[in-house]
Structures are given as structure tokens and as C-alpha cells.
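Visitor: Each protein sequence line maps, in turn, to chains A and B.
Quick note on full-length UniProt numbering: the first sequence kicks off at 1 and runs consecutively.
Quick note on full-length UniProt numbering: the second sequence kicks off at 1 and runs consecutively.
Quick one: the structure is below, and I'll ask about it shortly.
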Amino acid sequence: MRQFTRSLIAGTAMAVAMAGGAVAQEEKVLNVYNWSDYIAEDTIANFEKETGIKVNYDVYDSNEMLEAKLLAGNSGYDVIVPTSTFLARFVQGDIVQPLDKSKIPNWKHLDEDLMKGLQANDPGNEHAAIYQWGTNGLGVIPEKIDAAMAGEEAPMNSWDLLFKPEYASKLADCGIYVLDSPSEIFPITMAYLGHPHNTDDPAHYQEAEELWMEIRPYIKKFHSSEYINALANGDACLAMGFSGDVFQAKFRAEEAGKDFTVGYVIPKEGTAMWFDTLAIPADAPHPENAHTFINYILQPEVIGGITDYVAYANAVPASEPYVSDEIWNDPAIFPTPEVKQKLFVDTPAGQKLDRLRTRTWNKIKTGR
Amino acid sequence: MTHVRPEEQAREPGAVGVPEAEEGVRARRMTGHVSRWMSRRLRIGGRGLVIAIPYVWLLLFFLLPFAIVFKISFAEYRLGLPPYTALVEWAEGTYLRIQLAIGNYQFLLEDPLYVEAYLGSLKMATVSTILTLLVGYPMAYAIAKARPSTRNMLLLLVILPFWTSFLIRVYAWIGILKSNGLLNNFLMWTGIINEPLPLLYNEFSVYLGITYSYLPFMILPLYANLEKLDRSLLEAAADLGAKPWKAFLTVTLPLSVPGIVAGSLLVFIPAVGEFVIPDLLGGPETLMIGRVLWSEFFNNRDWPVASAVAIAMLVLLVVPIMLFQHYQARDAKKES
């Protein structure tokens, strides 16, 4: 998800010209709208070969982009991949349709515990299947952090590295990047401060504001995708980001033969986990084909191949044989049960809470 | 349209004043009349069509979207599709209910964020416009003064960057300005500085980005204006003993005011709503209305408030410009 993109273009360059109209015999077309770089190279081609359904495949780089398109109506898409908190709103607003599970026999492969976690956002698991899941954590370049700390010990596995001015001030020169998204920032901040992650108490937001204000001078950039480049080039040494994006930076730094390594850390205090889900918009023109597609994706060998390629965890335990050991055994991708205990699933915010979060975030960012 | 062109007036009496003779001749005359009348009609029709095209364009791509945004700004947020309430609805199928929420506009005034963001945008746009003018004027002047053969080459060089994606050009600046980028590395190599200068992610880089990106919009209208400048006026000034700089200040500069105004408006207006450049090159304290609008729409998904911000921005921007145009037109009339 949220993979690297250069991307204002990706969002706008999507031409969607589709004929609507539900017909008994559906035409052999399927319009998929997924995150950029979020599927294996051969998945779509194999699906087309097996089913004879022609796939139009478009990509986006933020949930907000997807949401804006759906809310405008008649998006024309049949399968979308919203993150769980956004899915929750789509469920409440009847923007996605309930799935007909009799058409998705591969549903049985889905991990029960994870699907239970998703129920916080989709009660009864009626609307969506988990595609991939991950966490929000820290991208680090240990060599650069050690150099910047000049011999002092740095808590590499803790949010303190970012939230304590004594560390952040030393890392300012080697570059700190954080996500520019109030809906991602505040649940983590609140958990760090020991408050409920979805608190709507203004006093808690006051406290969060003070915490951020202290470290704000040491932050180089607030942006939700620039840090991938920055980590890969060594312009950043610490970034708050999405697990898969940091892996992307890691691979890119390796490819370029940089003299440092990029690592991903799930901080010991715990963090937010999210699910990217497969869902069908209420006004999808080809719901039959969409069910066929979801069923196809949930086959262990197909979803395993995708995980192997995108380096995100999936929710199909039976896919293990199709995923390389390097990825399957990486605790940063598939966390150990102890770490899993510390993860929380974020729930959607109401309009009021959204506004409080956005407003607080604006104050923090602009420093006034 | 009631105006009759002279050549038609001249022909008309001849056609009417012919004495009535043979039937055939008359008939022929009649068809002549009809065809002439037809052609005149058609000509007017053709002209009307040409005039209508820009109006239809304006209606379709400006007024209509504006009306839709205006309408949404009076609605309220709701969870669903579309994500705002209807203004007009049949209550219980019996009577029409119209609900206008002006709270969105009130909200803009209550929270200082919006006013500050608007002022921030005005400041960014004003400074960038002045910078663009300072850089663009000498360039336009030099191009206008150049020999015709080199002139085309120079103009081409101004337009050339447009052939590359705007986004890529802005990204290129990140590579130049960042702390281990081209410029800092060069300055450190020459020994002028010992530590990298903070060139990126601040107001400086935004000014630089806007000035760079919008420069052609300043140069081209200025060039068009300066190129038409009557050289004999400068010669006359020189004959009367004016030094070149004095001739420039009293002759060239006042005559190029329309070019300056056109160029400045072309830079200023889009710069106020600029989103991409501050997003990529700006620091967190760069507060601009484009960014606020974005977060209303995407983070808060509050389309009504986002629409209200857009409408307020348009009004606050268009009214001063219209006043300015009005006074300019009046001054021009006075002078003539």
C-alpha cells in the first residue's frame, strides 16, 4: 500500500470511461482500482488467462484519493482496496456492497483472528476480505543514527527516538521525516501518551500538540510518501512511515548499492496496524466479475505470490509455501505473537474528531 | 449587430432603385435580393457563432462548475453518497423544502486558520510576482531588443522548459537545493561555505519554485508589449537630451505598463491557489490556502466547507482584480 509514487499524476491521470448498467449476462470486463505497486507482476495476466475477463487496472496512492472518487459517484470501479478505517466509513455510508460469500469459496482460507480484528471496522465481516496488512512504525538508517548520536546510546526500538527532544534534536541534521496525515499520526501519538488511541478529549489533543511542538523544529519534512525516496537516498535517517514503504526504500537503497542499510522497526510501545481490504462499490457495474476476482486473489498460491512480491503480510496462512522464507520469517512483516499483542486496530473517526485532528495537526505543522 | 457596414449601405440603394421592367428580370432581381439577404444573415450568423464559442466555453467550464461548487457550499456534511445534504428536497412528498446552511462561511471567519492561510497565500503570490517581474522584465527587454534572427531563438529558449513535465522540473529543484544536493555540494567544494545552507523546505524554495515555474507567463506578455514599442519615441527622447536611463524611465517603462499588468496578473492569480510547489518544496510553516482546501476536502472530507473556502477565495481574489481593471479602464478613457 501507499507505495512509492511520483504521484499527483497517478491520481489524476486515470481515465475512467465505462459503460454502466447491470445486465444478467455480465460483459467480460472488470475495473480494478488498487494501490500503486501493490500486486505481483503476473497476477492480472494470469487472472485474465484463466477467466477470460478483461481487466482495466488503475492505481492510487492515498485512501483520500480513492474516497474522493467514490464519493463523487459513478466511479465505474468493481474492486477497490480501501484501508480498514476508510472501509468502515464506506460500510456505514452504504458505499460498498455486502459480499455474496457463496461466490467466494476461498473465503475459508482467511485467518480467523485477523478477520476478527477487521470486525472493528466491518461488523460481521460482511463487506470485505483482507488483502494485505501492515503496521505504521519507524524507518531507520542505523549507521547514520549512530553517527549522529556520537557514541550515545539511541533507543532504536522505541518511539522515544522520535518523541524525545534529546534524541530528535541530535537526529535533526541527518533528517527526520514524518507522515503528513492526522488520521495516522494521532492514534500513534495517543497510544504513546497512554491515552485511548481514538480519544476525542480536547485535553488529550492539547497534550499531543505540546509533545509535537517540542520536536517540531527537528523535523525536516511532513509528507506521506517523500520519505521513501529520502530514506533510499540517505536524506533521512529516521522516518515515521508505513511498513511496506520502508521496505520499498530498503530494496531501493540495496539496488543502488548505498553504503548504509534501511531498517523497519515496530516500536516496543506498540503501534497501529491496518488492513487493506478487497471490497466492491455499491454501484459497481460488474459485481459478478468482482466476486470472481476476489475469489481468485484469495487462492493461497495467488495471494502468496503477491506477498512474495510486495513484501506485505497477507491473511492466508495456507500461502506459506508460496512465500520466500526471508519474508515469511521477517518479524517486521509477520510480527511475532508477543509483538502482535501490542498492536491496535484503529477505528474510524467521526466528522467532529476528524476536524479536531486535522485542526490540531495544522497547528502543529505551521507552528501557530 | 444593428450596425450596417458601409459596403452594404452603398449597394442597397442600387438594388432597390431599379425601375420595374420585365417579369423575368424582376424575378431574377428578387432571387438576387433573397440571396444577398441570405448571405448577410449567414454572415451575421457566422459572426455570432464565433462570438458564442467563448461564451459557451465560459458557461460550460467556468460558470457551471462554479454554480455547483457554490451550491455545495450551502449544504452540510453527511456520511453517504454524495457526501453532502441536498438543498432542495420534497418533504414527505408534499411540499418543497429548501435548506441553506450559511454556517460554512461563518466557520471560515471563526477559525483564524482560514484568514491566516489566505493572507499567507497573498503574501507568497505578491512576493513571487515581484520577483518574477524583476527577473522577467530585463529578459523580455533583452529579447525585444535582440536581432530578429536571435530573437526567435531566445523566445524558443523561454518556452522550451514547458516541453518537460512541470512536476519533473519541480522535482529537479529538490535535487539541486537539498542539503547534499548539487548547489550545496558545489559551494562546499569551492570552500565558500563549510556547512550546507538550508535552501530547501522553507519559504525561499517556494519563492524560487514559483518564480522559476511562472517566469514565461511574465516574459511573454512583456515581450509582446516591448516588441511593439515605437523606437522613434526613444530617438526623440535622445534628441531632446534624455540619457538612456531617463528615456527608459519616462518612455519605455510607462508604455510597458499594460504588459507589466498582464504578466503580473498571469503570475499572481495562479500563484495564490498554488498547491503543488508549496507541497513539494515548502516547509511545514508555509501556510497557503491551496493546502488548507486540500485538507478540508481530503482529510476532513467536508465538501461543503471546502467549497466555501474555494468560493471565498474566488471572491476575495476576483473583486480586487475587477476593481483594478475598472479603474484602469477609467484612467485610460480619461487619458484619451
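C-beta: ideal position from N, C-alpha, C; glycine also.
So A:Lys28 is in the alpha helix (DSSP H); what residue range does that whole segment cover?
Guide: From DSSP, A:Lys28 is part of no alpha helix (DSSP H); its letter is neither H nor E.
Visitor: Please determine, among B:Leu177, B:Arg78 and B:Ser73, the residue with the shortest C-alpha to C-alpha distance to B:Asn202.
Guide: Looking at the Cα atoms, B:Leu177 is the closest of the given residues.
Visitor: With a threshold of 16 other CB atoms inside 10 Å of the CB of A:Arg355, please say whether the residue is buried or exposed.
Guide: Buried is the call here.
Visitor: Would you kindly work out how many angstroms separate the C-alpha atoms of B:Ala140 and B:Asp239, rounded to a whole number?
Guide: About 25 Å.
Visitor: In the DSSP assignment, what residue or residues form a beta bridge with A:Tyr57?
Guide: According to DSSP, which records beta bridges pairwise, A:Tyr57 is partnered with A:Val32.
Visitor: Return the chain-ordered ranges of every alpha helix (DSSP H) run that is complete within the segment 155-186 of chain A and spans a minimum of 4 residues.
Guide: List check, alpha helix (DSSP H) in window: 160-163 and 165-171.
Visitor: I want to see whether chain B comes within less than 9 Å of A:Asn362, judged by CB atoms only; does it?
Guide: So, interface residue.
Visitor: Leaving aside the five residues before and after A:Ala120 along the sequence, list all residues of the same chain whose C-beta is less than 7 Å from its C-beta, in chain order.
Guide: Within the same chain, A:Ala120 has close Cβ partners Val345 and Thr347.
Visitor: Which residues, in chain order, does the segment 206-223 of chain A contribute to contact with chain B at a C-beta distance below 9 Å?
Guide: Residues passing the 9 Å Cβ filter: Arg216, Ile219, Lys220, Lys221, Phe222 and His223.
Visitor: Within this structure, are the beta carbons of residue 364 of chain B and B:Val127 separated by less than 9 Å?
Guide: Residue 364 of chain B falls outside the range modelled here, since chain B spans only 1 to 336, and no answer is possible.
Visitor: Have a look at B:Val315, B:His326 and B:Ala308 and flag the residue whose alpha-carbon is nearest the alpha-carbon of B:Lys71.
Guide: Checking every option, the nearest Cα to that of B:Lys71 belongs to B:Ala308.
Visitor: I'd like the list of long-range same chain contacts for A:Asp160, defined as Cβ closer than 7 Å, with 5 residues on each side in sequence excluded.
Guide: Once the five neighbours on either side are set aside, the close Cβ partners of A:Asp160 are Tyr167.
Visitor: What residues are listed by DSSP as bridge partners for A:Trp133?
Guide: According to DSSP, A:Trp133 bridges with A:Phe275 and A:Ala313.
Visitor: Determine the closest residue to B:Phe166 out of B:Gly209, B:Thr150 and B:Trp303, with distance taken between C-alpha atoms.
Guide: Nearest option by C-alpha distance: B:Gly209.
Visitor: For A:Thr271, does the count of other Cβ atoms within 10 angstroms reach 16, so buried, or fall short, so exposed?
Guide: Its Cβ being crowded by 16 or more others within 10 Å, A:Thr271 is buried.
Visitor: Looking only at DSSP bridge pairs, what is A:Thr83 linked to?
Guide: Partner(s): A:Asp276.
Visitor: Given a cut-off of 9 Å, decide if B:Leu266 and B:Tyr214 are closer than it, judged by their beta-carbon atoms.
Guide: Yes; because the gap between Cβ atoms is below 9 Å, this pair is in contact.
Visitor: Output the boundary residues of the alpha helix (DSSP H) element that contains B:Leu183.
Guide: Segment Leu182 to Thr190, the alpha helix (DSSP H) holding B:Leu183.
Visitor: For B:Ile174, is the classification buried or exposed, using 16 other Cβ atoms within 10 angstroms of its Cβ as the cut-off for buried?
Guide: The residue in question, B:Ile174, is buried, as its Cβ has 16 or more Cβ neighbours within 10 Å.
Visitor: Report the neighbours of B:Pro82 on chain A: residues whose CB is nearer than 8 Å to its CB, in chain order.
Guide: Chain A residues near B:Pro82: Leu71, Ala72 and Gly73.
Visitor: Can residue 369 of chain A and A:Asp325 be called in contact, C-beta distance under 9 Å?
Guide: Because residue 369 of chain A is not part of the residues shown, which for chain A are 1 to 368, the question remains open.
Visitor: If we ignore side chains and look at the alpha-carbon of each, how far apart do A:Ala45 and A:Lys54 end up?
Guide: Each residue's alpha carbon lies about 9 Å from the other.
Visitor: Quick one: grab the DSSP three-state call for A:Glu269.
Guide: A:Glu269 falls in the coil class under three-state DSSP.
Visitor: Rounded to a whole number of angstroms, what is the C-alpha to C-alpha distance between B:Ser264 and B:Leu134?
Guide: Cα to Cα, the separation comes out at about 11 Å.
Visitor: Do the segment 290-300 of chain A and the segment 141-156 of chain A meet, that is, are 3 or more Cβ pairs less than 8 Å apart?
Guide: At 8 Å Cβ cutoff, the stretches do not touch.
Visitor: Going by Cα to Cα distance, which pick from A:Ala279, A:Pro105 and A:Ile364 is closest to A:Glu210?
Guide: Among A:Ala279, A:Pro105 and A:Ile364, the Cα nearest to that of A:Glu210 is on A:Ile364.
Visitor: Who are the neighbours of A:Gly93 on chain B, taking C-beta pairs under 7 Å?
Guide: Chain B residues near A:Gly93: Leu79, Gly80 and Leu81.
Visitor: CB A:Thr366 to CB B:Glu285, shorter than 9 Å?
Guide: Against a cut-off of 9 Å, the Cβ pair of B:Glu285 and A:Thr366 comes out as a contact.
Visitor: Can you name the residues that DSSP bridges to A:Gly139?
Guide: A:Ala239 and A:Tyr264, per the DSSP bridge assignment.
Visitor: Using CA atoms only, rank isn't needed, just tell me which of A:Ala253, A:Tyr309 and A:Phe334 is closest to A:Ala315.
Guide: A:Ala315 has its Cα closest to that of A:Phe334, out of A:Ala253, A:Tyr309 and A:Phe334.
Visitor: Looking at the secondary structure, which residues open and close the alpha helix (DSSP H) in which A:Asp38 lies?
Guide: Note that residue 38 of chain A is Tyr in the sequence shown here, rather than Asp. First-last for A:Tyr38: undefined, no H or E at that position.
Visitor: In the DSSP assignment, what are the bridge partners of A:Phe344?
Guide: Beta-bridge pairing links A:Phe344 to A:Ala272.
Visitor: Under DSSP, the beta strand (DSSP E) around B:Tyr95 begins and ends at which residues?
Guide: Note, B:Tyr95: beta strand (DSSP E), Tyr95 to Ile98.
Visitor: Using 9 Å as the limit for Cβ to Cβ distance, is A:Thr358 near chain E?
Guide: Included in the structure are the protein chains A and B, with no chain E among them.
Visitor: Using only the alpha-carbon positions, how far apart do B:Gly283 and B:Leu183 sit?
Guide: Taking the straight line joining both Cα atoms gives about 19 Å.
Visitor: What residues from chain A crowd round B:Ser205, counting only those whose CB sits closer than 9 Å?
Guide: Residues of chain A passing the Cβ test: none, with the nearest at roughly 12 Å.
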